[in-house]
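**Q** If you're matching positions, the sequence shown starts at 9 in my numbering and goes up one per residue. Heads up, the beta-carbon is just placed ideally off N, CA and C, and yes, glycines get one too. My questions all concern the structure below.
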Amino acid sequence: MQARYIAIEGPIGVGKSSLVSALAKKFGVEPVYEKVAENPFLSDFYQDRASHAFQTQLFFLLSRYRQLSSLSQVDMFAGIQFCDYIFERDLIFARLNLNGDEYKLYMDVYGLLKKRIPKPDLTVYLQAQTTTLMDRIYKRNRRVERNITEKYVHEVNLVFNEFFFNYKKGPLLIINTDKIDFVKNKDDLAKLAEKVTSEVLGQEFYNPMSSTL
């Protein structure tokens, strides 16, 4: 059975939103994007993580909850729905950035909210080396990310790999994106589109090579 609700995940800079945009356009559906730019604390967080982690994390938690809990179940005739995150994304960052009482309070709130979140039929994890992530972050040149450090991106990459290599909540497709460019290369996008819309049972790895190499 083909997945109807597909979530694309990955660390900062891997290109999950770009892939969701391209896939949604290809299949003629409306994408669901994480509202990163609306977080007023994010820029300060990248400058001083310790001082701004809790408010940054709580804003994202509530924002993601409001957005995902309002998603209607996809009608079987309505086509595919693509989203550029899963609710557990918030938990991954909380484990990295919060400590002590702040983490305990966060987990209390998270535990109450997660019960109303629909689960994807398929989760796609986009993987890349930290050097690849930094190159993509540099090229997209977002103002809010100008103070982000390679050390932090590497830490994020490690915790994301750990989380998804142990993911057991549903079908998971892990894609190595180091050697493909699905934004500029239509053949690369076509390969990924075919793969993410095929049947995936359990955990599956995919290591594509770009047609331009």
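1. Specify, as a first and last residue, the run of the alpha helix (DSSP H) that LEU166 falls within.
2. Would you check if the stretch 157-173 and the stretch 102-110 touch, i.e. whether three or more CB-CB distances between them fall below 8 Å?
3. Whole-angstrom Cβ separation of PHE90 and ALA32, contact assumed at under 8 Å?
4. Please state whether DSSP places GLN137 in a helix, a strand or coil.
5. Is it true that the stretch 119-137 meets the stretch 11-26, where meeting means three or more beta-carbon pairs spaced less than 8 Å apart?
6. Counting beta carbon pairs with one atom in the stretch 183-195 and one in the stretch 150-165, are three or more of them shorter than 8 Å?
7. Report buried or exposed for TYR146, applying the criterion of at least 16 other Cβ atoms within 10 angstroms of its Cβ.
8. Within 10 angstroms of the Cβ of GLN55, are there 16 or more other Cβ atoms? Answer buried if so, exposed if not.
9. Straight-line CA distance for SER206 to PHE171?
10. Just to confirm my understanding: we take SER225, look at its own chain, exclude 5 residues before and 5 after, and list those with CB closer than 7 Å. What are they?
11. Is the beta carbon of LEU130 sitting closer than 8 Å to the one on LEU181?
12. Let me confirm a value: ASP196 is counted as buried when at least 16 other C-beta atoms fall within 10 Å, else exposed. Which label applies?
13. Can you pull the DSSP bridge partners for THR131?
14. Where DSSP assigns a beta bridge to PHE101, which residues make up the other side?
15. By how many angstroms is the C-alpha of VAL22 removed from the C-alpha of GLU212?
16. Give the straight-line distance between the Cα atoms of GLU110 and VAL208, rounded to the nearest whole angstrom.
**A** Put simply:
1. Start and end: 158-173.
2. Between the stretch 102-110 and the stretch 157-173, the count of Cβ pairs shorter than 8 Å is three or higher; the stretches touch.
3. The pair is a contact, with the Cβ atoms about 5 Å apart (cut-off 8 Å).
4. GLN137 falls in the coil class under three-state DSSP.
5. When C-beta atoms of the stretch 119-137 are compared with those of the stretch 11-26, three or more pairs fall below 8 Å, so the two segments count as touching.
6. Touching, no, given that fewer than three Cβ pairs across the two stretches are closer than 8 Å.
7. By the neighbour-count rule (16 or more Cβ atoms within 10 Å), TYR146 is not buried but exposed.
8. GLN55 comes out exposed.
9. If you take the alpha carbons of SER206 and PHE171, they lie about 23 Å apart.
10. Shown here, the chain extends from 9 to 221; a query on residue 225 therefore has no answer.
11. Their beta carbons are under 8 Å apart, which means LEU130 touches LEU181 by this criterion.
12. Of the other Cβ atoms in all chains shown, 16 or more fall within 10 Å of the Cβ of ASP196; this residue is therefore buried.
13. Per DSSP, ALA15, LEU180.
14. DSSP, once it has assigned bridges, lists no residue as partnering PHE101.
15. Between the alpha carbons of GLU212 and VAL22 lies a distance of about 19 Å.
16. Across the structure, GLU110 and VAL208 are spaced so that their CA atoms are roughly 38 Å apart.
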